[in-house]
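Residue numbers (mature numbering (1 follows the signal peptide of the UniProt record, and there is no 0)): -20 to -1, 1 to 132.
Every residue gets a Cβ at the ideal spot worked out from N, C-alpha and C, and that includes glycine.
Structure first, then comments.
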C-alpha cells in the first residue's frame, strides 16, 4: 500500500524525524530548531534550537521575534529542592568555538501571547538577534505535543 507524501511527512514531523538544514551567517550557525504543538493560544508555546559559534570571539543572543508570539522571551528552567522554576533571561552567551543549546527542561524560548496556535506539521519563522552576529531567521517545524526534538 502506498501512502501519500503528505501522510509520510506528517508522520515524520510528529515523530521528530525531519529537521531543516542548519542556517549559517558569519560565524554563527543555528541548527535543530523545533517546537511542540500548543494547546490553542491561551497557553504559551516553546521553541528550542542549538547555536554554534564557529568564530574566535564570543557572541550573545540578545533578542527574539516571531509573528506567532507577541512576546517571545528567553527563559531558563532550574530545579531547586524538587521544585522547577522558570526565570526570564535578558541574554545568553555563545562562547567562541562553543555552542548554546536550548532544550526542554533547560534554557528555551517561551512564546508568550501566541497570535496563532502552533499546529503539528506547520512551521513558523523565528528571528534571533545577536550582539555581534546580527539577525538570523530560522524556520521552526512544529512537532506533536509529545515530541522530544528533531532526529539527530
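Euclidean distance between Cα positions of residue i and residue j
i           : j           : result
residue 47  : residue 84  : 22 Å
residue 34  : residue 129 : 23 Å
residue 127 : residue 16  : 6 Å
residue 64  : residue 3   : 32 Å
residue 119 : residue 62  : 35 Å
residue 112 : residue 39  : 6 Å
residue 94  : residue 77  : 34 Å
Beta-carbon gap between residue i and residue j smaller than 8 Å
i          : j          : result
residue 25 : residue 91 : yes
residue 87 : residue 72 : yes
residue 30 : residue 12 : yes
Cβ-based burial, residue i [other Cβ within 10 Å; buried from 16]
i          : result
residue 60 : exposed
Chain-order list of residues whose beta-carbon lies under 6 Å from that of residue i (same chain, five-residue window excluded)
i           : result
residue 66  : 55, 57
residue 109 : 42, 43, 115
residue 28  : 14, 82, 83, 88
residue 117 : 105, 107
### Runs of beta strand (DSSP E) lying entirely within the segment 18 to 69, each at least 3 residues, in chain order
25 to 33, 39 to 45, 49 to 60, 63 to 69
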